[in-house]
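Residue numbers (our numbering): 1458 to 1844.
Where a beta carbon is used, it is the ideal one built from N, C-alpha and C, also for glycine.
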Ligand code: SAH
């Protein structure tokens, strides 16, 4: 196996984009693209609107471009979203899509209607490398980062599928990067996709309606604040380093004190901003009154709100969900200390679409490489032809 084979398997999209895939280019990148071809930069705005607002993928239909430019784009570029391979709809209206990003790798995307809100939860990586002990995605291993076209492509596909229906409950009002993967470990591609979500010439979401959730990659929290300060959610899950080291191993690199300092910096300067702290309720692990008191003390000087997430089970997780009265008591301790706290409703459980249940189809790199070395897998090229 040579380096080229590796590239073919892991980096190629499901549908080969012919030429440059313009779907994932931010306005600035698109301006550079046109400038490099001797075109005026305002073409970028025209094309952005066609792609993201009209959701037109054929250049021939972009009627305010010159005929010559349309022909040239047809030859040299494409608008290629990833491919939907399965749809599951829950009894509660939640919809989960399996999105193919390579012949043998899929990520998951979920729409959660909660009138008047409609939240789209999208993925940022194929699998995840963080190994949080209570998360199903971690069990899948890690394959690769999604490209910006694959990230914004999820919103593009979801809007195409949902907003063609006239039902108001199917409008996407909020976006959360809380699907598979750690978004801050795929920083550049995630930021480019975020820019497209916010750009008025593309999707035009307000900054506060887009939330990035991280397990706590401290230096990138500061970088995000500089580049694209969307709403921040932090997966905290434990009120002290001893327990958090165990549940979220990333904590050994970025302990709670450093993480909370980054959170304070993130919202400094805007008294209305808060960081959302996610806290998964694991029976007998992190859900005692003592834990609640510790958490309240920790967050006393961070502008924060807390989302308690009842643990969503998956096979052989080894954890149980805290009983409802325990979750309520935990919430009441936080509320009594003046911390805004809600218990997140569990949605889409019957289709495995709830938090931490997204697993997609991931071929972990290390396992594959081991298997191929042992001669159990066909060479990369052959595999691609078979699928
Ligand atoms: N890597 C990012 C993005 C994933 S977000 C992050 O850690 O924030 C997914 C959210 O669901 C996180 O808060 C995660 O901790 C939580 N989660 C993971 N597994 C879960 C489970 N089994 N039950 C409930 N919530 C879970």
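Note that the C-beta distance between residue 1592 and residue 1639 is not below 8 Å. By the Cβ test, the segment 1752-1761 is in contact with the segment 1786-1805, since at least three Cβ pairs between them sit closer than 8 Å. Nearest to residue 1641 by alpha-carbon distance, out of 1761, 1623 and 1677, is 1677. Taking 7 Å as the cut-off, the C-beta of residue 1724 does not count as close to any heavy atom of the ligand SAH. About 5 Å separates the CB atoms of residue 1555 and residue 1542; that is less than 8 Å, so the two are in contact. In the three-state DSSP reduction, residue 1481 falls in the helix class (H, G or I). For residue 1605, the enclosing alpha helix (DSSP H) stretches over residues 1605-1619. Taking 7 Å as the cut-off, one finds at least one heavy atom of the ligand SAH near enough to the beta carbon of residue 1640.
Residue 1516 holds the alpha-carbon nearest to the alpha-carbon of residue 1504 among 1669, 1516, 1493 and 1771. Rounded to whole angstroms, the Cβ separation of residue 1649 and residue 1483 is 5 Å, and the two are in contact under 8 Å. Scanning the segment 1705-1764 from its first residue to its last, the whole beta strand (DSSP E) runs of 3-plus residues come out as 1732-1738. Contact between residue 1590 and residue 1703 holds: CB atoms are separated by about 7 Å, below the 8 Å threshold. The residue from 1570, 1780, 1582 and 1766 with its alpha-carbon nearest to that of residue 1602 is 1582. Boundaries of the alpha helix (DSSP H) harbouring residue 1684: 1675-1684, taken from the DSSP string. Comparing alpha-carbon positions, the option among 1651, 1645, 1629 and 1696 lying closest to residue 1686 turns out to be 1651. When the Cα atoms are used, residue 1789 and residue 1575 turn out to be separated by approximately 28 Å. Straight-line spacing of the CA atoms in residue 1534 and residue 1519 works out to 14 Å. With a cutoff of 8 Å on beta-carbon distance, residue 1569 and residue 1551 are scored as near each other. Taking residue 1499 as reference, the option from 1486, 1746 and 1511 with the minimal CA-CA separation is 1486. In the structure shown, the three-state DSSP call for residue 1672 is coil. By the Cβ rule, the segment 1763-1779 does not count as touching the segment 1724-1732, because fewer than three pairs are nearer than 8 Å.
Contact between residue 1707 and residue 1629 is absent: CB atoms are separated by about 30 Å, not below the 8 Å threshold.
A direct Cα-Cα distance of roughly 9 Å separates residue 1806 from residue 1812. With 16 or more other Cβ atoms inside 10 Å of its own Cβ, residue 1594 counts as buried.
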